[in-house]
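**Student:**
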Amino acid sequence: MSSRASPRLALGFSSVAHSYSHLFMVLYPTVVLALEPVFAMAYGDLLLLAVAGNVLFGAMALPAGWLGDRWSAEGMMAIFFLGTGAAAILTGLASSPLGLGLGLASIGFFASIYHPVGIAWLVRNAVNRGRALGINGIFGNLGTAGAALVAGALTELVDWRAAFIVPGVVCVVTGVAFLALVRGGRIAAAAVDRKPEPPASRSDMVRAFWVLSLTMLITGVVYQVVQWSLPKLVEERVVGAGTGVGVTGGVVSLVFLFAIGSQILGGWLADRFDLRKVYLLAFLVQAPLLLGLALASGAAVVPVAVALVFVNTGNTPGENALLARYAPARWRATAFGAKFVLALGVAAASTALVAAVHSWTGSFAPLLGGLALLASIAAVTAAGLPRATAPRSAPVPVPAE
Numbered sequence: 003m004s005s006r007a008s009p010r011l012a013l014g015f016s017s018v019a020h021s022y023s024h025l026f027m028v029l030y031p032t033v034v035l036a037l038e039p040v041f042a043m044a045y046g047d048l049l050l051l052a053v054a055g056n057v058l059f060g061a062m063a064l065p066a067g068w069l070g071d072r073w074s075a076e077g078m079m080a081i082f083f084l085g086t087g088a089a090a091i092l093t094g095l096a097s098s099p100l101g102l103g104l105g106l107a108s109i110g111f112f113a114s115i116y117h118p119v120g121i122a123w124l125v126r127n128a129v130n131r132g133r134a135l136g137i138n139g140i141f142g143n144l145g146t147a148g149a150a151l152v153a154g155a156l157t158e159l160v161d162w163r164a165a166f167i168v169p170g171v172v173c174v175v176t177g178v179a180f181l182a183l184v185r186g187g188r189i190a191a192a193a194v195d196r197k198p199e200p201p202a203s204r205s206d207m208v209r210a211f212w213v214l215s216l217t218m219l220i221t222g223v224v225y226q227v228v229q230w231s232l233p234k235l236v237e238e239r240v241v242g243a244g245t246g247v248g249v250t251g252g253v254v255s256l257v258f259l260f261a262i263g264s265q266i267l268g269g270w271l272a273d274r275f276d277l278r279k280v281y282l283l284a285f286l287v288q289a290p291l292l293l294g295l296a297l298a299s300g301a302a303v304v305p306v307a308v309a310l311v312f313v314n315t316g317n318t319p320g321e322n323a324l325l326a327r328y329a330p331a332r333w334r335a336t337a338f339g340a341k342f343v344l345a346l347g348v349a350a351a352s353t354a355l356v357a358a359v360h361s362w363t364g365s366f367a368p369l370l371g372g373l374a375l376l377a378s379i380a381a382v383t384a385a386g387l388p389r390a391t392a393p394r395s396a397p398v399p400v401p402a403e
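As structure tokens, this is what we get:
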């Protein structure tokens, strides 16, 4: 690493990028509420336009992670900023459903870079991994929470196109600044882990691989279904149709904002307790909350949704710490890429599921009830993770620059 390079600056851009990756992927669930009269299409049909982008968001994570390991983490992050921003601008300029779908697909393609590359970068630079992942997770939550507010406000105050173009311009400007700092030697990823851990045995790696493959998939399905259905759920059960996209987006943003501290708590738990037990407990708690959301109506929807999002997102630092623990360091970005193929790419089919279930039943209750069953299955599966082979060390303070 260059003597002029700043680990804090690198981690700062990683966290901002995390926020952007979530924000751009969930602008559309709020914007779509204003598009039915624009394109003369039903809600379910409009929502299907986002499926390709969601599939690419996960599916391209594996090649992105491989390139981050084998080529350049900084180069991939620059492509993330510039490509995602440009794709959002083009989406805002779309004049047909086909153009809109292609724009959303482009956003998913470029946004897929962040999770495998940015999180592996974060883990390599972190001393207290749980805390670092928790702080980084807060930025991801901010992106998700801010998306509904940004999309709703810009749609109400300007039009739906501004909801994509304005954030797109900001992302491109961030990318230019990032590239300038990389070329000036101020940003560079650490060559090796700042706090290495003893390597896991091959048998533990294999065992963790199979367990985490299923649990990460279920986590992704739950997160995406809730994320994509919540604006419509709030419109139908809380504020009422015709209230306005801005109000609906504000309520959805509040749900994610109230849950924002979850990843700090999850990171704290990941640093101090048995990761396997923390991970399992989170799934046990999510099951009844999903049933509660399926049955809730009126104002009760909001606190139940907050609790569900809090537990679901709060489990992320522990999950990422488990993956970092059982993945070889030199293949870590590739391993995170594989995770997000499962958690985001395969789970992206849940977007189509949200559209289909709502079109067929006019309700999200059957879907949420099914997710409660999946969370229970994940809890049983998580019990099969390897036991800790050595006591987890106490957190080490991050040294000053």
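Just so you know, we're using the working numbering here: the sequence shown kicks off at 3 and counts up by one.
Idealized CB from N, CA, C, for every residue including glycine.
With DSSP run on the structure shown, which of helix, strand or coil describes residue 317?
**Tutor:** Reduced to three states, the DSSP call for residue 317 is coil.
**Student:** Do three or more CB pairs link the stretch 135-153 to the stretch 95-103 at distances below 8 Å?
**Tutor:** no
**Student:** Grouping DSSP H, G and I as helix and E and B as strand, with all else coil, what is residue 41?
**Tutor:** helix
**Student:** Among residues of its own chain, excluding the 5 on either side of residue 231, which ones have a beta-carbon nearer than 6 Å to its beta-carbon?
**Tutor:** 356 and 366
**Student:** Whose C-beta lies closer than 8 Å to the C-beta of residue 384 among residues of the same chain, with five residues either side of it excluded?
**Tutor:** 213, 217, 278, 281, 282 and 285
**Student:** Can the beta-carbon of residue 109 be found closer than 9 Å to that of residue 122?
**Tutor:** no
**Student:** Could you tell me which of 43, 37, 158 and 120 sits nearest to residue 11, measuring between CA atoms?
**Tutor:** 120
**Student:** Below 9 Å between beta carbons: does that hold for residue 269 and residue 136?
**Tutor:** yes
**Student:** What are the boundary residues of the alpha helix (DSSP H) that residue 76 is part of?
**Tutor:** 75-94
**Student:** Starting from residue 256 and walking both ways along the alpha helix (DSSP H), at which residues does that stretch end?
**Tutor:** 247-260
**Student:** Apart from the five residues on each side of it in sequence, which residues of its chain come closer than 8 Å, Cβ to Cβ, to residue 2?
**Tutor:** Outside the shown range of the chain (3 to 403) lies residue 2, about which nothing can therefore be said.
**Student:** Measuring CB to CB, does residue 311 end up less than 9 Å from residue 258?
**Tutor:** yes
**Student:** List the endpoints of the continuous alpha helix (DSSP H) containing residue 233.
**Tutor:** 204-236
**Student:** If I'm right that residue 32 touches residue 154 with Cβ under 8 Å, what's the distance once you round it to whole angstroms?
**Tutor:** About 5 Å separates the two Cβ atoms, so the contact holds.
**Student:** Does the distance from the C-beta atom of residue 248 to that of residue 157 stay below 9 Å?
**Tutor:** One thing to note: residue 248 has its Cβ within 9 Å of the Cβ of residue 157.
**Student:** Express the C-alpha separation of residue 265 and residue 394 in angstroms, rounding to a whole number.
**Tutor:** Caution applies to residue 394, whose pLDDT of 45 falls short of 50 and renders its modelled position unreliable; the value that the coordinates give is listed next. Looking at the two C-alpha atoms, the distance is approximately 19 Å.
**Student:** Is residue 114 closer than 9 Å to residue 35 when the C-beta atoms are compared?
**Tutor:** no
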